[in-house]
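**Q**
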Amino acid sequence: MADELNRPDEEPIAPDAEEGEPPLLTKEEAIAEVKRWIDRYQIDQNQVFARIGELVVRYGDLIPYLEQETDEGRLLLRAISRGRVVRQQQRTRL
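Start counting the sequence shown at 51; every next residue gets the next number (the numbering used here).
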């Protein structure tokens with residue numbers, strides 16, 4: 051069973067996770083993550099976080115999008131979840 055939960059490079063994966071997709075944070079976890087970014091890095095809330103087609107999302111818009119659970123909010127949740135996984139992987143490689 052343990053072999054089924056490891057990739058060939060020995061990196062563990064969640065049993066229910068689709069290959070290549072990080073586990074999603076909860077809405078509350080993602081909101082807390084955004085608040086930490088803004089506080090820790092003193093980010094101007096008018097600074098652009100992402101551009102999605104014609105949509106421009108500023109840091110100040112992130113929490114309302116996440117709270118409303120819009121399509122944009124779900125996309126941002128995936129991006130924030132993926133970003134956390136990438137940062138954790140980078141820390142473990144250092």
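We treat Cβ as the ideally placed atom computed from N, Cα and C, and that holds for glycine.
Here the structure is a predicted model, which means the values were calculated and not measured.
For D111, count the other beta carbons within 10 Å of its own beta carbon; 16 or more makes it buried, fewer makes it exposed. Which is it?
**A** Sequence index remark: in the sequence shown, residue 111 carries index 61 (1-based). It counts as buried.
**Q** Quick one: grab the DSSP three-state call for I102.
**A** Taking the sequence shown and counting its residues from 1, the one referred to as residue 102 is at position 52. Correct three-state label for I102: strand.
**Q** Tell me which residues share the same chain as R101 and place their Cβ nearer than 7 Å to its Cβ, disregarding the 5 neighbours each side in the sequence.
**A** Locating residue 101 in the sequence shown gives position 51, counting from the first residue. Excluding residues within five positions, none has a Cβ falling inside 7 Å.
**Q** Residue range of the alpha helix (DSSP H) that L125 falls in?
**A** For the purposes of this step, residue 125 is identified with residue 75 of the sequence shown, where counting begins at 1. Counting along the chain, the alpha helix (DSSP H) containing L125 begins and ends at D121 to R143.
**Q** Can you check DSSP and say which residues form a bridge with R86?
**A** By 1-based counting over the sequence shown, the position of residue 86 is 36. BP columns for R86 are empty, so no partner.
**Q** Measuring CB atoms only, is the stretch 75-85 touching the stretch 115-128, in the sense that at least three cross pairs come out at less than 8 Å?
**A** Result yes; three or more Cβ-Cβ pairs closer than 8 Å.
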